[in-house]
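Have a look at the structure below before the remarks.
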Amino acid sequence: MSVRKNSWFEKSNLTIKELLQFTYWWSRKVPQDFLEHELGLSSATCVDWAYFAREVCEQVILNTSSQIGGSGIHVKIDESKFGKRKYNRGRIQEGQWVFGGREVEDRGKMFMVPVEKRDENTLLTLIKKWIRPGSIIHSDCWKAYDCLSKEGYTHLKVNHSVEFVNAETGACTNHIENEWLHAKKSLPAYGSKHAHMNGYLAEHLWRSQVKHKGLDHFIEFLYSVSSVYNSTWHSPSGTH
1 MSVRKNSWFE
11 KSNLTIKELL
21 QFTYWWSRKV
31 PQDFLEHELG
41 LSSATCVDWA
51 YFAREVCEQV
61 ILNTSSQIGG
71 SGIHVKIDES
81 KFGKRKYNRG
91 RIQEGQWVFG
101 GREVEDRGKM
111 FMVPVEKRDE
121 NTLLTLIKKW
131 IRPGSIIHSD
141 CWKAYDCLSK
151 EGYTHLKVNH
161 SVEFVNAETG
171 ACTNHIENEW
181 LHAKKSLPAY
191 GSKHAHMNGY
201 LAEHLWRSQV
211 KHKGLDHFIE
221 FLYSVSSVYN
231 STWHSPSGTH
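Each residue of the sequence shown is one higher than the one before, starting from 1 at the first, in the UniProt record's numbering.
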């Protein structure tokens, strides 16, 4: 029986050595042109395998995600637009809105979700899904959040047109706003198709969690791969 069967390596005709080299450098977040030059791989091969790697991140995040916050725990929420409005073959393509939240007490706990609308119904549904009742939620003054104090949350608001931090309550959204900056850097310089957004967000969340735990990205990615293809291996992080 081939060692490739039912494994990460089954997807490709590349040698196991080449795939491990690619995985190592991908985990180190080197530019694609470095991978092409140093490993002698085609652009298409690098794109494909980066996509496969993000698929692993998606599955791991899906398998390990849970609600954040809780009684007395501060969670900062915000929405941000990824990508710019552009024209493609005569059609207008808008950027992708993403909604997210991050704990203050444990910055490794966060979520990011692409959304088509930023209305109250959409965002409240996601807040209830991702944030435990009793949490102290910090937000800007977007009208969709006005209902939070009636939904089992303590709601603190900051008016960004006046101040960055509410002088009276201490409310601010800087933690999640800083996270947007890091997340956007993980996207290609030319942006990303909406269909690929989940993968890039999952990669960012995975990398952030690994960094927060002080683990090695390459070793942890191998454990992540094993958790997807072989449930008998376990990561030292205890998440897989």
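Glycine included, C-beta positions come from ideal geometry on N, C-alpha and C.
The beta-bridge partner set that DSSP reports for tryptophan 206 is empty.
For the options Ala50, Thr45, Val30, the alpha carbon positioned closest to that of alanine 202 is the one of Ala50.
Between isoleucine 136 and leucine 148, the CB-CB gap reaches or exceeds 8 Å. One Cα belongs to alanine 183, the other to histidine 204, and the distance between them is close to 6 Å. Here the alpha carbons of valine 30 and lysine 185 stand approximately 13 Å from one another. DSSP places aspartate 78 in the strand class (E or B) of the three-state scheme. Note on geometry: alpha-carbon atoms of leucine 20 and tryptophan 26 lie some 10 Å from one another. For threonine 154, the enclosing beta strand (DSSP E) covers residues 154-157. Note on geometry: alpha-carbon atoms of methionine 110 and tyrosine 200 lie some 15 Å from one another. A distance of 8 Å or more separates the beta carbons of cysteine 172 and valine 162. For lysine 128, the closest alpha carbon among the candidates Asp140, Lys150, Glu116, Leu39 is that of Lys150. For the set Leu156, Lys211, Val47, the Cα lying nearest the Cα of alanine 167 is the one of Leu156. A contact between stretches requires three or more CB pairs, one per stretch, nearer than 8 Å, and the segment 115-122 fails this requirement with the segment 47-63.
Distance check between glycine 40 and each of Leu14, Asp106, Gly108 places Leu14 closest, using alpha-carbon atoms only.
In this structure, the alpha-carbon of aspartate 106 lies about 14 Å from that of arginine 132.
Here arginine 102 carries a strand assignment [DSSP, helix/strand/coil].
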